[in-house]
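**Q**
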Amino acid sequence: MSQTVRGVISRAKGEPVEIVDVVIPDPGPGEVVVDIIACGVCHTDLTYREGGINDEYPFLLGHEASGTVEAIGEGVVNVEVGDFVILNWRAVCGQCRACKRGRPQLCFNTHNAKQKMTLTDGTELTPALGVGAFADKTLVAEGQCTKVDPEADPAVAGLLGCGVMAGIGAAINTGAVTRDDTVAVIGCGGVGDAAIAGAALVGAKRIIAVDMDNQKLNWAREFGATHTINAKEFDVAGIDVVTAIQDLTDGNGADVVIDAVGRPETWKQAFYARDLAGTVVLVGVPTPDMKLEMPLVDFFSRGGSLKSSWYGDCLPERDFPTLISLYLQGRLPLEKFVSERIGLDGIEDAFHKMHAGEVLRSVVIL
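For the sequence shown, the numbering used here gives the first residue as 2, with consecutive numbering after it.
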C-alpha cells in the first residue's frame with residue numbers, strides 16, 4: 002500500500018520551495034523504499050529550482066542522503082530491510098558497453114526507480130538526480146543504495162552521495178593523485194575542499210588552494226591545503242594565478258590541477274598552471290552557453306592529460322564503504338563538511354547561505 006509523507010518540491014523556476022504531501026508507492030521489482038535520516042543541501046538542488054537542469058517541474062528536491070531501508074521489491078538482493086545506506090544517482094546497469102569493458106564507473110545507462118512518486122492529486126514528481134530525498138521517505142532503484150557501516154553519522158555519510166564524492170574522486174580516481182604529487186585546486190567550496198581532502202589522504206606533498214574568498218581558503222587549510230592563493234588579491238598585485246602556482250611548484254606547475262569552478266577562465270588557469278606533462282581535471286559543472294577559445298598549438302606543445310570527472314569517476318559499492326571506514330578511523334575529516342543541521346523548513350534559507358558562501362553544507366535532519 003502506498004504511503005504519504007512530507008517532501009520539499011519546486012513547482013516553478015525561481016519560486017520558493019514548498020513542503021507538501023508526497024505519495025510513495027510500494028517498491029516494485031528492483032526498487033527500494035528508504036526512510037531518510039539526513040540529506041545535504043547541494044548546489045544542484047538550487048540549479049534544479051532555477052531551471053538549470055530541465056523544465057520537468059515539479060521537482061522533488063534532495064539527493065545527498067543517507068537512511069534506512071524500509072521495504073524492498075521483488076528481486077532485490079544487495080540490501081535488506083534495516084540496512085543503513087547512502088543513496089547515489091549512478092545505479093550502473095552492468096550491461097552497457099562501458100560496463101562490459103570493465104568500466105562500470107562510466108556506465109552509459111544508469112537507472113532509477115521505474116515508478117513515479119506523486120502529489121496527492123496524482124501529479125507526477127521528478128526526483129532530483131533520480132533520488133528525491135528532501136522527504137521523510139523516497140523510492141529508488143536497488144543500485145542507488147549502498148550499504149555502509151551504521152556507526153557513521155548519517156549527516157556526514159549522506160554527503161558522499163554527491164558533492165564530497167565528486168571532489169574526492171576527482172583527485173583520487175580521475176586525477177590519480179599519489180604520494181609526493183603537487184596539486185592545485187581552483188575553487189574551494191564543498192567539491193573543491195573534498196578534492197583537497199582526497200589529495201591529502203593519498204599523501205600529496207603540496208596542495209595549493211585557489212579562491213577569491215578568504216573564508217573558503219581558511220576551510221581549505223582545514224582539509225589539508227598547504228598553500229593558499231586569493232585570486233582577487235593576486236590580480237590586484239599584478240601577479241596572476243598561473244604564475245603564483247608555478248612559483249609554489251619550483252617554476253614547473255602542478256602535477257594535477259583540479260578546476261572545481263567550471264568556467265572557461267578557471268579551466269584556462271588550470272591548463273596553464275599544470276606541469277608540461279601534468280593533468281587537468283574538470284569537475285566544476287559549466288553551463289551550456291560557455292565557450293572555450295585557445296590556440297590549438299598550446300595543446301600540441303604539452304603532454305599530460307585533460308580529463309572531465311563525472312561524479313568523481315566513483316563506483317559507489319567500491320568507494321562509499323572505504324571512505325566511511327577511513328572517516329570512522331579518523332583519517333578522513335568528513336565531519337568538517339557539515340556546517341549546520343536544519344529541518345525541512347530551513348531549505349530556502351540554506352540556499353541563500355550556500356549562494357553567499359557562508360556554509361559548506363547545510364544538512365537536513367529528518
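We treat Cβ as the ideally placed atom computed from N, Cα and C, and that holds for glycine.
Name the residue from Gly252, Ala114 and Val178 whose alpha carbon lies nearest to the alpha carbon of Pro28.
**A** Ala114
**Q** May I ask you to list the residues that DSSP assigns as paired with Asn231?
**A** Asp212
**Q** Could you tell me how far apart the beta carbons of Gly191 and Gly164 are, in whole angstroms, since I believe they sit closer than 8 Å?
**A** 4 Å
**Q** Look up Gly144 in the DSSP assignment and say whether it is helix, strand or coil.
**A** Residue state, collapsed to three classes: helix.
**Q** In the DSSP assignment, the beta strand (DSSP E) including Asp256 goes from what residue to what residue?
**A** Ala255 to Asp260
**Q** If you draw a straight line from the alpha carbon of Leu283 to that of Cys189, how long is it in whole angstroms?
**A** Distance between the alpha carbons of Leu283 and Cys189 is about 14 Å.
**Q** Throw me the rounded Cβ distance for the Gly1 and Ala245 pair, which I believe falls under 8 Å.
**A** Residue 1 lies beyond the range of the chain shown here (2 to 367); nothing can be said about it.
**Q** When DSSP builds the beta bridges, which residues end up paired with Asp290?
**A** According to DSSP, which records beta bridges pairwise, Asp290 is partnered with nothing at all.
**Q** Could you tell me the distance, in whole angstroms, from the CA atom of Cys97 to the CA atom of Ala177?
**A** 25 Å
**Q** Looking at Val184: is its Cβ nearer than 8 Å to the Cβ of Ile209?
**A** yes
**Q** Output the boundary residues of the alpha helix (DSSP H) element that contains Ser326.
**A** Pro317 to Leu329
**Q** Pull up the DSSP beta-bridge partners for Ala66, would you.
**A** Cys40
**Q** Using only the alpha-carbon positions, how far apart do Leu361 and Asp290 sit?
**A** 27 Å
**Q** If you measure between the beta carbons of Thr139 and Ile230, is that distance less than 8 Å?
**A** no
**Q** In this structure, what does DSSP give as the bridge partners for Arg275?
**A** Answer is Ala255, bridged to Arg275.
**Q** Take Ser67 as the anchor and find which of Leu61, Cys94, Val34 and Glu51 has the nearest alpha-carbon.
**A** Val34
**Q** Is Met213 closer than 8 Å to Ala200 when the C-beta atoms are compared?
**A** no
**Q** Judging by CA-CA distance, which residue of Asp154, Asp276 and Arg342 is the nearest neighbour of Thr250?
**A** Asp276
**Q** Which residue marks the beginning of the alpha helix (DSSP H) containing Phe338, and which one marks its end?
**A** Where Phe338 is concerned, there is no enclosing alpha helix (DSSP H), given that its DSSP letter is neither H nor E.
**Q** What's the gap between the Cα of Ile366 and the Cα of Cys40?
**A** Rounded to whole angstroms, Ile366 to Cys40 spans 7 Å at the Cα level.
**Q** State the Cα-Cα distance for the pair Val257 and Val286, rounded to the nearest angstrom.
**A** 18 Å
**Q** Under the three-state reduction of DSSP, which class applies to Ile368: helix, strand or coil?
**A** The requested residue 368 is not part of the displayed model; the chain covers only 2 to 367.
**Q** With a threshold of 16 other CB atoms inside 10 Å of the CB of Arg50, please say whether the residue is buried or exposed.
**A** buried
**Q** Please state whether DSSP places Leu297 in a helix, a strand or coil.
**A** Three-state result, Leu297: helix.
**Q** Starting from the Cα of Asp181, find the closest Cα among Ile173, Ile348, Ala205 and Gly168 and give me that residue.
**A** Ala205
**Q** In whole angstroms, what separates the C-alpha of Phe370 from that of Leu202?
**A** In the structure as shown, the chain begins at 2 and stops at 367. Residue 370 is therefore absent and cannot be evaluated.
**Q** Between the beta-carbon of Pro155 and the beta-carbon of Ile38, is there less than 8 Å?
**A** yes
**Q** Going by the beta-carbon positions, is the gap between Ala136 and Leu61 smaller than 8 Å?
**A** yes
**Q** In chain order, what residues of the same chain lie with their CB nearer than 8 Å to the CB of Arg264, ignoring the 5 residues before and after it?
**A** Once the five neighbours on either side are set aside, the close Cβ partners of Arg264 are Gly285, Pro287 and Met291.
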